[in-house]
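Numbering (the working numbering), first residue to last: 668 to 801. Yeah, the Cβ is synthetic: ideal placement off N, Cα and C, and Gly gets one too. First up is the structure itself, then whatever we jot down about it.
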Amino acid sequence: MTIKKIKEKVYNIDVCIGNNADAVDHLKSFISYVENNEHVNYFPLTRLMEASNCNSPIDALQVAIFFSSAEQQLLDITFCYFDYDGEEIEVDVESFREALANNTPPYSVETGLPIDDFEPRRLGFFCMLNEEML
């Protein structure tokens, strides 16, 4: 699906999302940002929030999830843990969710081991634009 088709779908999505006008506005804002900033392909949380006009990380995550779905494939999400040395450790999505819900250490994709000295506030994610969709 190209960005043009994704945009058409987003602009017709009001019926699917129901009365959540803010969610639709976030999706529309993100599409507009991508179209107007063709040189940007890396979306850390702060840029994702800016691009989608979201006020919370949860709303931005919902935008990322929507645009990374199998149907859209506009974004690739990487879930990670930022350790005390500034290293970015990729974690799998299930252990990321478990860490958020139960405050348990997520597992490193590379080692398969739980993160040492886990601190929930160091969990994060970023997105890369799938340029094949443009």
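Just curious, the beta strand (DSSP E) that residue i is in, first and last residue?
i    : result
P711 : Y709 to P711
L790 : L790 to L796
Just how far apart, CA to CA, sit residue i and residue j?
i    : j    : result
M800 : P724 : 25 angstroms
V730 : N708 : 15 angstroms
G779 : Q739 : 29 angstroms
N704 : K695 : 14 angstroms
N693 : P711 : The sequence given here has His at residue 693, not Asn. Cα to Cα, the separation comes out at about 16 angstroms.
A766 : V760 : 10 angstroms
D689 : M795 : 23 angstroms
A768 : S762 : 10 angstroms
N722 : V691 : 14 angstroms
F733 : E798 : 17 angstroms
At a cut-off of 7 angstroms, is residue i close to the ligand MG when judged by its beta-carbon and the heavy atoms of the ligand?
i    : result
A731 : The ligand MG is absent from the structure shown, which contains no ligands of any kind.
How far does the alpha helix (DSSP H) with residue i in it reach, from first residue to last?
i    : result
D784 : That residue, D784, is in no alpha helix (DSSP H); it is neither H nor E in DSSP.
E702 : A688 to N703
Taking the CB atoms as reference points, tell me whether residue i and residue j lie closer together than 8 angstroms.
i    : j    : result
V719 : F697 : Here residue 719 is Ser; the residue named in the question, Val, does not match the sequence. For S719 and F697, yes; Cβs fall inside 8 angstroms.
A727 : L715 : yes
S736 : I744 : no
Assuming residue i contacts residue j (C-beta within less than 8 angstroms), just tell me the rounded distance between them.
i    : j    : result
N770 : P787 : 6 angstroms
**Prompt:** Using 8 angstroms as the threshold, is the stretch 748-760 in touch with the stretch 769-777, meaning 3 or more CB pairs across them?
**Reply:** yes
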